[in-house]
Structures are given as structure tokens and as C-alpha cells.
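**Q** Have a look at this one.
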Amino acid sequence: MKTYTTPDARKYHDKEVDAFQRVGQCDTLVAFHGSFSQQLLYGGQTFNILLEYADGGTLEDFFQRDRQPTSPEDIIKFWEKLLDITKALHAIHQVEPRREGPEIFHGWHQDVKPKNILVFSQGDHIFDSKFKLADLGLSHFRESMDGRNIWDKDAQGTREYGAPELYRGNEYLETANLQVKQGADMWSLGCVFSEAVVWSVIGLLGLEEYRQARRAESEQIPDFKDPGCFHDEQQVLKCVRDTHERVKEQIRKGDFAAEEVLRLIKELLEKSPDARPTATITITRVHHIVSDAKEQVERLRSQTDSTSNTMPRTPKRGRPNSEEPPPLPNLTVEEVNDCVVRRQPLPNSAYLDSLGGRDFVFLIDDGHRMKKYWPQVKRVCRALTYTVKKLDDDGLEMHCMVEMKKIRSKKTSTLIEGLDKRDERLQNDVDINKCLNIIFDEYMKTMKQPKGLTTAFRSKSPKPMVLFVLTTGVWDSNDNAEGPIKSLIKQLDESGLPDKHVGIQFVQFGDIKEGTKKLERLDKLVRLEGLSRDIVNTEHCTGNVWKMLLGSTNNRIDGYDHCAM
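Sequential numbering from 0 applies to the sequence shown in numbering that gives the first Met the number 0.
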């Protein structure tokens with residue numbers, strides 16, 4: 000039930016009731032069940048509207064509470080249900096005529112935002128939920144015989160998700176009657192879809208960063224009155240365009256909807272309201288986005304089934320009678336960061352048990368090639384450090400390659416602050432050879448005590464270690480990571496330390512061919528050079544976090560067991 004109690008209660012109540020009665024039934028518009036007024040004992044009167052109960056809260060609650068879809072099927076379900084909201088706007092924009100009324104009424108919602116989109120459960124799965132547009136309190140309608148020039152007076156609805164042509168940037172405009180076209184609702188819809196695509200691809204942390212970036216950019220505009228909106232009074236904010244590019248780069252395999260949704264959003268956020276697609280046109284676009292995505296998922300599934308039915312099984316060398324290990328669950332950086340934001344435990348955290356008692360060192364490439372990926376570097380670093388910080392009792396260690404200054408902390412926030420300070424300094428080349436030697440020399444120095452010392456006077460063996468190297472894989476032309484790694488393996492052999500005492504995990508950013516080639520060679524170094532132990536693993540920053548965490552110290556997860564040769 001929605002209750003109006005303000006001095007203008009009757010006016011807003013009557014206006015919303017009229018809106019529901021005009022629009023009628025639409026399966027993506029919250030259902031209207033009636034209204035009534037009530038006299039209060041102490042005087043006054045309330046005006047009440049009976050609406051369909053939304054057991055899942057609002058779309059904003061959905062973003063904050065639930066994790067984004069990761070499987071192709073869930074991704075399609077999410078977008079199919081959310082994009083369907085367009086039908087509710089269409090029902091408002093073009094109201095069917097009444098018997099006694101004019102030929103047609105045109106309407107405006109003027110308050111489209113995540114908090115006005117309700118969530119209704121339909122089964123046990125969160126992505127079976129249905130989304131419905133609500134709150135017609137600012138909706139208004141106008142009869143029009145000329146469909147080419149549809150406008151009305153601005154009802155001054157949402158400002159954060161509001162269109163640039165409705166921005167009231169001075170005292171005069173604050174009280175002026177502005178003309179509003181239905182394209183203003185389409186802008187707001189584009190803003191909602193924009194936040195939804197960020198959440199679906201990057202996660203809740205990405206959405207919060209997006210909102211913070213909009214506030215920061217709009218606060219830099221002199222005398223700007225709507226911080227956090229999507230425009231600068233004239234056009235889309237730069238951070239909005241940049242974030243959409245970032246989303247495009249991080250779309251996961253099997254997501255066949257996000258890129259097309261981004262194209263639609265770009266059109267919905269056109270500067271001119273007349274240039275934005277209408278609700279009618281958008282419904283057609285939405286249908287094609289969903290149907291095309293379903294076809295691609297079906298094609299992918301049929302190809303997978305065909306391959307599994309025709310490809311012969313290859314027996315594993317060295318372990319012909321051993322059982323296959325269970326498949327490693329997939330865990331994305333976005334899912335980990337969602338756990339960080341929500342302060343929730345990591346799923347399948349038992350996988351971390353094998354890493355207990357290790358030192359964790361992070362070597363961050365802060366050369367000029369990483370500038371493009373720096374926001375992503377911080378997200379990956381946040382995910383990895385959050386995951387392992389409780390396993391290292393003396394704190395995590397982090398170095399940035401250019402200066403190689405050590406930061407040690409048990410707090411993820413402290414380490415990320417260290418990366419924040421590098422934001423404007425990503426200009427130099429890096430020397431991977433030098434950086435690795437510094438870390439390895441410091442690590443092994445306890446093994447270089449004079450042999451004449453008794454055991455009691457010798458330093459104990461260094462703790463097992465995992466070194467995470469976050470990089471593009473492209474360094475100076477004469478720079479090579481192989482030398483330090485070979486030298487370390489030799490020292491580990493001479494010291495008699497266990498096979499997986501040290502692991503080196505490279506996490507690649509971008510897809511520069513030269514970098515990919517170098518990192519692939521490092522991953523195969525044990526075979527290519529006939530080395531005694533395999534301590535290197537590589538994984539792309541968009542890959543499985545479990546492989547990043549465990550690949551360098553677990554042969555099965557690394558995908559190569561050199562002992563089985």
C-alpha cells in the first residue's frame with residue numbers, strides 16, 4: 000500500500016490513480032488494485048493506493064543484494080526481464096483511447112530510476128524474477144492529435160537519471176515551465192540500463208565506482224546542481240563513455256547481450272530527445288537483442304555437445320587408473336569484489352586451505368603500458384589481496400616495478416591506496432629482470448648463511464611464497480624474466496626446498512600479442528628448458544580467480560604435471 004500524507008496528498012493521490020486508470024493493464028507495470036481515503040483520529044486524512052506487493056524490493060535492492068549473472072543462461076534471463084520494462088513506458092507513452100475521450104492520450108513517467116523498478120519473485124532462482132515499473136505519482140498525460148509534436152510541461156521528476164534538456168541550472172529555470180518530450184523518459188531508461196550493464200559485467204563494486212566517478216566529474220563543473228547524473232548539461236559525461244568502454248573490454252565469454260545493450264544505451268543517451276529511439280522502436284530492438292543472444296547460446300551449446308560426442312577421450316599419462324579431480328569452480332574478480340563490498344565469505348573457500356602459512360608478495364607493473372588498465376589492476380589486486388590476507392600472518396607485501404618501494408600491510412585498503420598514489424605516474428618503462436632479482440634475492444638470503452654455522456645459528460628456511468605479477472607481459476626489449484626464474488629454481492634445488500615451495504603467478508592485462516607470447520613461454524618454461532620444477536603459471540585478469548590463486552602451486556590446476564612425463 001502506498002500512502003500520501005502531505006498537504007498535497009489528495010492531488011498526488013488523484014494524479015497517480017488517474018494515471019493507473021488511464022494506462023490499464025501492462026505486465027511490466029505494477030498492478031493497481033484500488034484506492035481509498037481514511038480520516039485520522041487526531042485530524043487530517045490519508046490517501047491510499049493499493050498496489051501489487053513486490054517481495055523482491057526494488058532494482059536498487061537487487062543490485063545491492065544479489066550477485067550478477069555469470070552463466071549464459073542467467074545473463075539472458077536477466078536482460079530479457081529487465082529490458083521488458085520498455086513495454087511499461089510504451090503503455091504510458093501511448094495510452095489506448097477511452098470511448099468518450101479523444102483519439103489518443105500521450106503520457107510521461109518522468110521518474111524512471113532503479114528505486115522505481117520493483118522486483119517480483121517467480122520461482123527459486125533470482126534471475127527468474129520479473130521487473131515492473133512503479134510510481135506513477137509524477138506521470139502526466141496530454142491529449143494530442145499531432146503525433147509528430149508530442150510535449151507537455153515538465154513535472155520535475157528524477158534529476159540524477161534526468162535528461163540534459165530538463166536540467167535547471169539557474170534560479171530562473173528552477174521555477175520556469177520547461178517543455179518535456181517523451182525522449183526524456185528514454186534517456187532515464189538508458190541511464191538505468193547503463194547502471195545495469197555495469198553491474199552485470201563488473202559487479203557491485205564496479206557500479207559503486209561508476210556512481211562515484213559520475214559524482215566526481217559533475218562536481219568539477221562550476222555551479223553544477225545535479226551531482227551524480229549522467230550529463231554535463233549538454234552531453235553524456237566522459238566517465239560514462241569511459242565506463243562503457245571498460246565494460247566492453249570485460250564482457251565475459253558467453254555474454255551475448257551486453258555489447259548490444261551498450262549500443263542501445265548509446266542511442267538512448269543521445270543529446271537531442273528527438274534523436275533517441277522511441278519506446279516502440281526500443282521494444283523491437285530489445286526483442287532482437289534477446290532473440291539473437293538466445294540463438295548464439297543455443298549455437299554454442301550445440302557445438303559443445305557435438306564436440307563432446309565426437310572427440311575421443313585421451314587417457315592421462317602417468318595416472319591411468321586415477322580418478323579425475325572434480326572440475327574447478329569458476330570464480331571471477333567481480334564475484335570476489337562483490338564479497339568484499341557485501342562483507343560475505345568467499346564461495347568454496349576450502350580451496351584456500353592449501354595456501355595457509357605462505358608469504359604473499361604482489362609485484363605490480365606500473366609502467367606506461369599499464370595506464371589503460373590501471374582501474375582494472377586495482378580491482379584485481381583488491382580481489383586477490385582480500386582473498387589471501389588472512390593466510391599471511393605477517394602481512395602482505397607489495398612492490399610497484401618503477402620504484403620498487405615495499406608496502407607491507409594486512410589491510411587491503413592500505414595496499415590499494417598505494418596503487419592510487421601511482422595513478423598519475425604511469426609513464427616509465429619497467430625492468431622486470433631487476434624487479435624479480437630484488438624479490439628473489441631478498442627471499443633467498445636466509446639460505447646463504449655460511450655452511451660452517453651450526454644448525455642452531457643458521458636462519459630457518461624461508462616460508463613458502465606465492466609471487467603475483469600483474470602485468471601486460473610487455474617489458475623493455477632487452478628485458479627478460481626467464482633469467483631470474485631459472486636462477487631461483489637452481490637455488491631452490493640447491494637448498495633442498497620442496498617442489499612447490501615457491502610459486503610465481505603472472506596475471507596478464509590486455510591482449511598484446513608480444514606480452515601473450517612471453518607469458519605463454521614462461522608458463523611452458525619447465526618443458527622448453529628442461530627445468531627441474533614447474534613454479535610458473537599464467538592467467539588472464541578476466542579468468543578464473545581460483546587459477547590465479549592456486550595455479551602456481553598446484554600441478555593439477557596449472558594443467559601440467561611435469562612429474563607425469
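Yeah, the Cβ is synthetic: ideal placement off N, Cα and C, and Gly gets one too.
Can you tell me whether Gln-504 is buried or exposed, with buried defined as 16 or more other CB within 10 angstroms of its CB?
**A** Position 505 of the sequence shown, counted from the start, is the residue given in the question as residue 504. So Gln-504 counts as buried.
**Q** To the nearest angstrom, how far is it from the Cα of Leu-28 to the Cα of Arg-381?
**A** Residue numbering aside, residue 28 sits at position 29 when the sequence shown is read from its first letter. Residue numbering aside, residue 381 sits at position 382 when the sequence shown is read from its first letter. Their Cα atoms are separated by approximately 40 Å.
**Q** Can you give the Cα-Cα distance for Asn-329 and Val-544, rounded to whole angstroms?
**A** Walking along the sequence shown from the start, residue 329 turns up at place 330. Walking along the sequence shown from the start, residue 544 turns up at place 545. Approximately 7 Å between the Cα atoms of the pair.
**Q** Would you tell me roughly how many angstroms separate the C-alpha atoms of Asp-273 and Val-111, rounded to the nearest one?
**A** Within the sequence shown, numbered from 1, the residue matching residue 273 stands at position 274. Within the sequence shown, numbered from 1, the residue matching residue 111 stands at position 112. If I take the Cα positions, the gap works out to 18 Å.
**Q** Hey, which unbroken runs of the alpha helix (DSSP H) at 4 residues or more fall wholly within the region 222-301?
**A** 237-249 and 257-267
**Q** Can you tell which of Leu-524, Gly-495, Thr-279 and Leu-530 has its C-alpha closest to the C-alpha of Asn-536?
**A** Numbered from its first residue, the sequence shown carries residue 536 at position 537. The shortest C-alpha separation from Asn-536 is found at Leu-524.
**Q** May I ask which residues mark the beginning and end of the beta strand (DSSP E) holding Gln-44?
**A** On the sequence shown, position 45 is the one that residue 44 refers to. Segment 44-50, the beta strand (DSSP E) holding Gln-44.
**Q** List the residues that DSSP assigns as beta-bridge partners of Asn-432.
**A** To locate residue 432, count along the sequence shown from 1; it is residue 433. Answer is none; Asn-432 lacks a bridge partner.
**Q** What is the DSSP secondary structure of Asp-365, counted as helix, strand or coil?
**A** Here residue 365 refers to the residue found at position 366 when the sequence shown is read from its first residue. In the structure shown, Asp-365 sits in coil (DSSP, three-state: anything other than H, G, I, E or B).
**Q** By Cβ distance below 7 Å, which residues in the same chain neighbour Val-235 in space, the five residues on each side in sequence not counted?
**A** Taking the first residue of the sequence shown as 1, we reach residue 235 at position 236. If we look at Val-235 and ignore the five residues flanking it on each side, its Cβ neighbours are Phe-229 and Leu-268.
**Q** From which residue to which residue does the beta strand (DSSP E) around Lys-129 run?
**A** Taking the first residue of the sequence shown as 1, we reach residue 129 at position 130. Start and end: 129-132.
**Q** Is DSSP giving Ile-503 helix, strand or coil here?
**A** As a working note, residue 503 is residue 504 in the sequence shown. Three-state result, Ile-503: strand.
**Q** For Ile-149, which residues does DSSP report across the bridge?
**A** Taking the first residue of the sequence shown as position 1, residue 149 is located at position 150. Its beta-bridge partners do not exist; DSSP assigns none.
**Q** Quick check: the region 199-218 against the region 342-349, are at least 3 beta-carbon pairs closer than 8 Å?
**A** no
**Q** Hey, how far is the Cα of Glu-159 from the Cα of Ile-125?
**A** Stepping through the sequence shown from its first residue, residue 159 is reached at position 160. Stepping through the sequence shown from its first residue, residue 125 is reached at position 126. Their backbone Cα atoms lie some 27 Å apart in a straight line.
**Q** Tell me which same chain residues have a C-beta within less than 6 Å of the C-beta of Thr-470, skipping the five on either side of it?
**A** Locating residue 470 in the sequence shown gives position 471, counting from the first residue. Excluding residues within five positions, the ones whose Cβ falls inside 6 Å are Asp-364.
**Q** Can you find the residues in the same chain that come closer than 7 Å, C-beta to C-beta, to Ile-149, ignoring five residues on each side of it along the sequence?
**A** Within the sequence shown, numbered from 1, the residue matching residue 149 stands at position 150. Taking Ile-149 as the centre and dropping the five residues before and after it, the same chain places the C-beta of His-105, Ser-143, Lys-180 and Gln-181 closer than 7 Å to its C-beta, in chain order.
**Q** Alpha carbon to alpha carbon, how far is Gly-529 from Pro-68?
**A** The residue labelled residue 529 in the question sits at position 530 within the sequence shown. The residue labelled residue 68 in the question sits at position 69 within the sequence shown. The straight-line gap from Cα to Cα measures roughly 43 Å.
**Q** Would you identify the three-state DSSP class for Thr-85, choosing helix, strand or coil?
**A** Walking along the sequence shown from the start, residue 85 turns up at place 86. In this structure, Thr-85 counts as helix in the three-state DSSP scheme.
**Q** For Asn-553, which residues from the same chain have a beta carbon less than 8 Å from its beta carbon, with the 5 sequence-adjacent residues on both sides left out?
**A** Start at 1 with the first residue of the sequence shown, and residue 553 comes out as number 554. Cβ within range, chain order: Ser-353 and Lys-499.
**Q** Need the endpoints of the alpha helix (DSSP H) that Met-547 sits in, please.
**A** Within the sequence shown, the letter at position 548 stands for residue 547. Unbroken alpha helix (DSSP H) run through Met-547: 544-549.
**Q** Which residues in the same chain as Arg-262 place their Cβ atom closer than 6 Å to its Cβ, once the five residues preceding and following it in sequence are excluded?
**A** Residue numbering aside, residue 262 sits at position 263 when the sequence shown is read from its first letter. Annotation for Arg-262: no residue places its beta carbon closer than 6 Å to its own, counting only its chain and skipping 5 residues before and after.
**Q** Grouping DSSP H, G and I as helix and E and B as strand, with all else coil, what is His-398?
**A** Stepping through the sequence shown from its first residue, residue 398 is reached at position 399. Here His-398 sits in strand by DSSP.
**Q** State yes or no: is the beta carbon of Val-16 nearer than 8 Å to at least one beta carbon in chain B?
**A** Of the protein chains in the structure, only one exists, and it is not chain B.
**Q** Our contact map puts Gly-161 next to Ser-193 with C-beta atoms below 8 Å; I'd like the distance itself, whole angstroms only.
**A** Stepping through the sequence shown from its first residue, residue 161 is reached at position 162. Stepping through the sequence shown from its first residue, residue 193 is reached at position 194. 14 Å between Cβ atoms; not a contact.
**Q** How do the region 419-436 and the region 365-378 stand: do at least 3 beta-carbon pairs fall below 8 Å, yes or no?
**A** yes
**Q** With a 10 Å radius around its C-beta and 16 neighbouring C-beta atoms as the bar for buried, classify Lys-10 as buried or exposed.
**A** Indexing the sequence shown from 1 puts residue 10 at position 11. It is exposed - the Cβ of Lys-10 has fewer than 16 other Cβ atoms within 10 Å.
**Q** On the CB-based measure, 16 or more other CB atoms within 10 Å of its CB, does Gly-502 come out buried or exposed?
**A** Reading the sequence shown from its first residue, position 503 is the one you call residue 502. Taking every protein chain shown into account, the CB of Gly-502 has 16 or more other CB atoms within 10 angstroms, so this residue is buried.
**Q** Please look up how many angstroms separate the CB atoms of Lys-86 and Ser-128, rounded, as I've assumed it's under 8 Å.
**A** The residue you call residue 86 lines up with position 87 of the sequence shown. The residue you call residue 128 lines up with position 129 of the sequence shown. Incorrect: roughly 16 Å between the Cβ atoms, too far for contact.
**Q** What separation, rounded to the nearest whole angstrom, lies between the Cα atoms of Pro-565 and Ala-183?
**A** Nothing can be reported for residue 565: it is not among the residues displayed for the chain, which extend from 0 to 564.
**Q** On the DSSP bridge list, what partners appear for Ile-406?
**A** For this step, residue 406 is matched to residue 407 along the sequence shown. Its beta-bridge partners are Met-397.
**Q** Can you grab the Cα-Cα spacing for the pair Thr-541 / Lys-444, in whole Å?
**A** As a first step, residue 541 is located in the sequence shown; it is residue number 542 there, counting from the start. As a first step, residue 444 is located in the sequence shown; it is residue number 445 there, counting from the start. Distance between the alpha carbons of Thr-541 and Lys-444: 35 Å.
**Q** Would you mind sorting Phe-35 into buried or exposed? The rule is 16 or more other CB atoms within 10 Å of its CB.
**A** Counting from one through the sequence shown, the residue named residue 35 turns up at place 36. Exposed is the call here.
**Q** When we look at the beta-carbon of Asp-337 and count the other beta-carbons within 10 Å, is it buried (16 or more) or exposed?
**A** As a first step, residue 337 is located in the sequence shown; it is residue number 338 there, counting from the start. With 16 or more Cβ atoms within 10 Å of its Cβ, Asp-337 is classed as buried.
**Q** Since Glu-72 contacts Val-289 with CB under 8 Å, what's their CB separation in whole angstroms?
**A** For the purposes of this step, residue 72 is taken as the residue at position 73 of the sequence shown. For the purposes of this step, residue 289 is taken as the residue at position 290 of the sequence shown. No, Glu-72 and Val-289 are not in contact; Cβ-Cβ is about 12 Å, not under 8 Å.
**Q** Tell whether a beta-carbon distance below 8 Å holds between Ser-460 and Leu-496.
**A** In the sequence shown, counting from the first residue as 1, residue 460 sits at position 461. In the sequence shown, counting from the first residue as 1, residue 496 sits at position 497. It is a contact, given that the beta carbons lie within the stated cut-off.
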